[in-house]
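Asks: Right, I'll just put the structure down here and ask away after.
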């Protein structure tokens with residue numbers, strides 16, 4: 022008989038980041054010695070009548086609220102029918118951004134891997150088992166960390182010595198004084214002078230730049246230093262095909278868009294309208310592993326690459342099964358602060374600055390499913406709330 026989903030548990034939990042605060046407006050995480058920031062995530066378990074449980078830890082409150090909208094539908098369903106569930110839930114969430122699909126879909130893939138006793142990348146079709154990583158920084162700060170162009174250049178050299186083949190700048194933000202375009206441009210040149218001949222360089226203003234003109238000025242500095250890509254520069258929020266097509270026409274540096282738009286169709290439209298040179302995918306944001314791999318295949322059809330956003334075991338499995346992907350994003354890294362990933366793994370899995378080997382690569386977990394063991398004792402001990410859905 023086919024397996025059935027019997028219960029879904031969602032647990033919100035909190036964890037702390039030492040020496041991390043926020044910028045002036047409270048939106049960007051930045052290095053701040055002596056400060057502690059509390060973050061919240063969700064831990065999802067999909068139980069079945071086989072005794073095998075699909076698990077995933079990640080997601081945010083809006084996504085968790087969406088899970089509550091469709092969890093009842095999954096009770097009694099076959100957890101292996103991921104494509105059917107993906108389609109039904111996508112329709113059910115058609116009025117929203119559909120970010121609730123991702124954590125559930127990843128948990129269903131975790132179940133499938135455990136059910137068939139295989140890592141997810143084998144179910145997808147393995148292309149490689151080690152992945153080159155790039156160092157993706159915290160935003161610039163004013164507290165003695167990444168607080169100057171020279172500090173970014175010094176950290177880029179440290180990343181090169183660690184083995185990374187790529188380095189990405191997240192610049193300053195949070196207020197008018199912090200948004201100094203000349204400082205951004207100086208950081209580009211400082212990093213380019215320091216490691217530009219030895220590393221692929223990327224820049225992600227995270228939509229901080231306020232005008233198209235500012236995006237163009239910074240982009241021309243990237244051109245001078247031969248940057249590998251330019252990502253989400255200005256206040257359109259990364260969604261305007263027209264604006265980014267115009268930006269592409271005026272710059273040599275390739276554009277990387279679609280992190281902030283949800284849906285396979287609109288990402289396909291970005292590629293078809295020549296508004297980006299790479300597509301962005303994230304299994305948590307883009308409808309799980311099912312949705313992220315659809316993006317990768319669309320990109321392959323257009324002859325372009327997919328760059329997966331953020332670190333995590335689901336991302337590693339996706340990249341392992343994607344020929345047209347270049348890098349794993351080790352984010353967020355800093356010379357004086359730990360990455361923002363939570364301490365939830367009981368088996369040694371980690372995503373920190375020091376995680377890469379001498380060749381700058383990370384392994385793909387080889388155990389069944391996601392191939393990681395979550396520390397449920399830690400999650401439960403730090404729980405701030407939970408919801409249980411069952412028949």
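In this note's numbering, the protein residues as written are 22 to 412. Backbone N, C-alpha and C define an ideal beta-carbon position, used for all residues, glycine too. Nothing here was measured: the structure is a model prediction, and the numbers come from that model.
Determine the closest residue to residue 204 out of 357, 235, 28, 373, with distance taken between C-alpha atoms.
Replies: 235
Asks: What three-state label does DSSP hand residue 327 in the structure shown?
Replies: strand
Asks: Where DSSP assigns a beta bridge to residue 69, which residues make up the other side?
Replies: According to DSSP, residue 69 bridges with 26.
Asks: For residue 109, report the span of its alpha helix (DSSP H) as first-last.
Replies: Looking at the DSSP string, the run of the alpha helix (DSSP H) that includes residue 109 is 103–113.
Asks: Within a Cβ cutoff of 6 angstroms, which residues of the same chain sit near residue 374, ignoring the five residues on either side of it in sequence?
Replies: The answer, listed in chain order, is 354.
Asks: Buried or exposed: where does residue 153 fall if 16 or more other Cβ atoms within 10 Å of its Cβ makes it buried?
Replies: When all chains shown are included, residue 153 counts as buried.
Asks: Apart from the five residues on each side of it in sequence, which residues of its chain come closer than 6 angstroms, Cβ to Cβ, to residue 30?
Replies: 66, 409
Asks: Does the beta carbon of residue 329 sit closer than 8 angstroms to a beta carbon anywhere in chain D?
Replies: Absent from the structure is chain D; it holds one protein chain and no more.
Asks: Taking residue 156 as the reference, which of 171, 183, 140, 34 has the closest Cα?
Replies: Nearest to residue 156 by alpha-carbon distance, out of 171, 183, 140, 34, is 183.
Asks: Residue 309: buried (16+ other C-beta within 10 angstroms of its C-beta) or exposed?
Replies: buried
Asks: How many Å lie between residue 240 and residue 207 at the Cα?
Replies: 12 angstroms
Asks: Compare the C-alpha of residue 93 against each of 37, 28, 33 and name the closest.
Replies: 28
Asks: Do you know how far the Cα of residue 187 is from the Cα of residue 220?
Replies: 5 angstroms
Asks: Residues in the same chain with beta-carbon distance under 6 angstroms from residue 214, minus the five sequence neighbours each way, listed in chain order, please.
Replies: none
Asks: Using CA atoms only, rank isn't needed, just tell me which of 390, 231, 71, 162 is closest to residue 40.
Replies: 162
Asks: Have a look at the DSSP bridge pairing and note the partners of residue 250.
Replies: Paired residues: 223.
Asks: Look up residue 362 in the DSSP assignment and say whether it is helix, strand or coil.
Replies: coil
Asks: Going by C-alpha distance, which of 372, 116, 246, 298 is nearest residue 270?
Replies: 298
Asks: Tell me whether the beta-carbon of residue 264 lies closer than 8 angstroms to the beta-carbon of residue 291.
Replies: no
Asks: How would you write the range of the beta strand (DSSP E) that residue 276 sits in, first residue to last?
Replies: 276–278 is the extent of the beta strand (DSSP E) around residue 276.
Asks: Are the beta-carbon atoms belonging to residue 134 and residue 84 less than 8 angstroms from one another?
Replies: No.
Asks: Counting Cβ pairs, one atom from each stretch, are 3 or more of them under 8 angstroms apart for the region 100–120 and the region 392–403?
Replies: Contact fails: fewer than three Cβ-Cβ distances are below 8 angstroms.
Asks: Can you give the Cα-Cα distance for residue 334 and residue 357, rounded to whole angstroms?
Replies: Pairing residue 334 with residue 357, the inter-Cα distance amounts to about 24 angstroms.
Asks: Just to confirm, is the Cβ distance from residue 36 to residue 363 under 8 angstroms?
Replies: Closer than 8 angstroms, so yes.
Asks: Three Cβ pairs or more, each shorter than 8 angstroms: is that satisfied between the region 44–64 and the region 340–349?
Replies: no
Asks: The alpha helix (DSSP H) that contains residue 391, what's its start and end?
Replies: Element bounds for residue 391: n/a, residue is neither H nor E.
Asks: For residue 304, does the three-state DSSP call read helix, strand or coil?
Replies: coil
Asks: Measure how close the beta-carbons of residue 209 and residue 246 come, nearest whole angstrom, since I'm counting them as under 8 angstroms.
Replies: 6 angstroms
Asks: Just checking my contact of residue 174 with residue 211 at CB under 8 angstroms: how many whole Å lie between their CB atoms?
Replies: With 8 angstroms as the limit, residue 174 and residue 211 qualify as a contact, their Cβ atoms being about 4 angstroms apart.
Asks: Once you ignore the five residues that flank residue 62 on each side, which residues in its own chain have a CB closer than 7 angstroms to its CB?
Replies: 34, 78, 79, 80, 363
Asks: Checking the sheet assignment: what are the DSSP bridge partners for residue 416?
Replies: The requested residue 416 does not occur in the structure, where the chain is confined to residues 22 to 412.
Asks: With DSSP collapsed to three states, give me the class of residue 34.
Replies: strand
Asks: Using alpha carbons as the reference points, say which of 128, 197, 384, 194 lies closest to residue 73.
Replies: 128
Asks: Report back the beta-carbon spacing between residue 230 and residue 160 to the nearest angstrom; my notes put them in contact at under 8 angstroms.
Replies: The pair is not a contact, with the Cβ atoms about 13 angstroms apart (cut-off 8 angstroms).
Asks: With the cut-off set at 8 angstroms, would you say residue 141 and residue 338 are in Cβ contact?
Replies: For residue 141 and residue 338, yes; Cβs fall inside 8 angstroms.
Asks: Do you know offhand how far residue 344's Cα is from residue 148's?
Replies: 6 angstroms
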